[in-house]
Amino acid sequence: WPAYAPLIKAINDLKKKRNAVILAHNYMTPEIFNCVGDFRGDSLQLAKEAARVEADVIVQAGVHFMAETSKLLSPDKTVLIPDPLAGCSLAESITAEDVRMLREVYPGVPIVTYVNTSAAVKAECDICCTSSNAVKVVESLGVPRVLLIPDEYLAKYVQTQTKVEIIAWKGHCEVHERFTADDIAAMRAADPGLKVIAHPECPPEVIAVADFTGSTAAMINYVTSKRPRKVALITECSMASNVAVQAPDVEFIRPCNLCPHMKRISLENIYEALRDMKYEVDVDPIVAAKARRAVERMVNLTN
Ligand code: 13P
Ligand code: SF4
52 WPAYAPLIKA
62 INDLKKKRNA
72 VILAHNYMTP
82 EIFNCVGDFR
92 GDSLQLAKEA
102 ARVEADVIVQ
112 AGVHFMAETS
122 KLLSPDKTVL
132 IPDPLAGCSL
142 AESITAEDVR
152 MLREVYPGVP
162 IVTYVNTSAA
172 VKAECDICCT
182 SSNAVKVVES
192 LGVPRVLLIP
202 DEYLAKYVQT
212 QTKVEIIAWK
222 GHCEVHERFT
232 ADDIAAMRAA
242 DPGLKVIAHP
252 ECPPEVIAVA
262 DFTGSTAAMI
272 NYVTSKRPRK
282 VALITECSMA
292 SNVAVQAPDV
302 EFIRPCNLCP
312 HMKRISLENI
322 YEALRDMKYE
332 VDVDPIVAAK
342 ARRAVERMVN
352 LTN
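Just so we're aligned: 313 in UniProt numbering is position 262 of the sequence shown, and the numbers increase by one with no gaps anywhere.
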């Protein structure tokens with residue numbers, strides 16, 4: 052990425068000056084992911100890194116709920132998000148008040164919250180999960196029934212993997228809900244040897260016809276370890292570009308959808324974030340204390 056070289060150098064210089072690290076989600080564009088990201092991964096890997104990182108400043112190259120999660124796990128560090136409008140349709144789909152209502156409707160049923168929620172929602176829940184540990188988290192509770200909010204499709208996927216009864220909410224990821232089983236059928240018709248790998252935020256009829264379902268890290272692991280001849284990653288567009296760097300012998304077909312929230316993060320605004328120390332992400336201390344319990348309970352479970 053030679054055109055980006057001056058900006059990449061400026062960012063890497065500022066990281067040293069500020070004693071900062073950049074946590075880059077797997078959906079970041081390749082020049083961010085490969086050239087300035089210090090730690091890369093899925094939501095769980097980034098949360099674990101935020102808990103143990105030794106820098107003074109964390110720049111979250113991801114969306115707002117990820118930056119909040121980093122702040123919960125590293126309250127003494129300055130956490131910056133390069134664009135505060137980098138949201139998430141799942142996080143928008145449920146409020147803390149909705150969760151309080153669910154507690155009244157389902158008294159005594161534990162509430163597991165997907166990490167794609169606000170800190171205020173996490174504060175009302177018993178434990179957090181990500182797409183890579185949702186089944187483990189649900190089963191760790193040792194109860195016959197749990198609420199798993201807010202992603203309806205993740206909840207339905209988890210239901211296929213466990214005997215615990217899962218009660219879902221109606222949130223959806225605006226990126227993954229757009230894939231259809233017909234898309235997959237057309238891809239397979241064009242190439243019968245194709246491996247199809249789907250994120251659990253996809254609709255059930257997509258997951259039903261995929262060869263493998265997993266978090267973004269699990270998808271990368273599948274491709275780099277199994278080295279399929281040709282693969283379709285049913286997820287956000289940057290994934291294929293980022294995995295291709297690690298698996299140059301694999302052919303990717305790219306029926307992807309862009310996440311407009313993830314795509315708000317750019318090299319330019321990462322540079323400005325470090326230059327101007329903006330935009331700082333903070334969580335109200337009372338909310339943070341409760342939300343941290345739910346996130347730490349998950350992190351401790353899967354360490
Ligand atoms: P992962 O935890 O699998 O990286 O998912 C995060 C996300 O936002 C997927 O849309
Ligand atoms: Fe949210 Fe979907 Fe974007 Fe992930 S891809 S941040 S779940 S809108």
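C-beta: ideal position from N, C-alpha, C; glycine also. Since this is a predicted model, take the numbers as computed values, not measurements.
The beta carbon of Cys253 is closer than 7 angstroms to those of Tyr204, His227, Phe230 and Ile285 in its chain, skipping five residues each way along the sequence. Within the same chain, Cβ atoms closer than 7 angstroms to the Cβ of Cys310 are found at Tyr78, Val226 and Glu287, the five residues on either side in sequence being excluded. Exclusion of the five residues before and after Ile217 leaves Leu199, Ala206, Val209 and Gln210 as the residues of its chain whose Cβ lies within less than 6 angstroms of its Cβ. Residue Asp107 holds the alpha-carbon nearest to the alpha-carbon of Lys68 among Gly88, Ala259, Met152 and Asp107. Near the ligand 13P, residues with a Cβ at less than 5 angstroms from any of the ligand's heavy atoms are Asp93, Ser94, Thr181, Ser182, Ser266 and Thr267; the list follows chain order. Taking 3 residues as the minimum length, the beta strand (DSSP E) runs contained wholly in the stretch 234 to 313 are 246 to 249, 281 to 285 and 302 to 304, in order along the chain. Contact between Met270 and Met290 holds, with the beta-carbon distance rounding to 7 angstroms and staying under 8 angstroms. Residue Ala174 holds the alpha-carbon nearest to the alpha-carbon of Arg343 among Ala174, Val114 and Asp262. Comparing C-alpha distances from Ala261 to each of Thr267, Lys246 and Ala268 shows the shortest one belongs to Lys246. For Ile316, the secondary structure class from DSSP, reduced to helix, strand or coil, is coil.
Within 7 angstroms of the C-beta of Val114 there is at least one heavy atom belonging to the ligand SF4. In the structure shown, the three-state DSSP call for Leu192 is coil.
Placement of the Cβ of Cys139 at a distance of less than 7 angstroms from at least one heavy atom of the ligand SF4 is found. For Cys253, the CB stays at least 7 angstroms from every heavy atom of the ligand SF4. The ligand SF4 approaches Met313 closely enough that one of its heavy atoms is under 7 angstroms from the residue's Cβ. Asn272 places its beta carbon 8 angstroms or farther from that of Pro81.
DSSP, reduced to helix, strand and coil, places His223 outside both helices and strands of the structure shown, so it counts as coil. Put simply, of Asn85, Cys86, Pro133 and Val166 the residue whose alpha carbon is nearest the alpha carbon of Phe116 is Val166. The continuous beta strand (DSSP E) containing Phe90 extends over residues Phe90 to Gly92. Relative to the ligand SF4, even the nearest heavy atom lies 7 angstroms or more away from the CB of Glu203. Nearest to Lys277 by C-alpha distance, out of Ala259, Val301 and Lys99, is Val301. DSSP, read as helix, strand or coil, puts Ile83 in helix.
The continuous alpha helix (DSSP H) containing Thr120 extends over residues His115 to Leu124. In the three-state DSSP reduction, Asp64 falls in the helix class (H, G or I). Non-local beta-carbon contacts of Tyr55 in its own chain, meaning distances under 8 angstroms to residues more than five positions away in sequence, involve Glu82, Cys86 and Leu318 in chain order.
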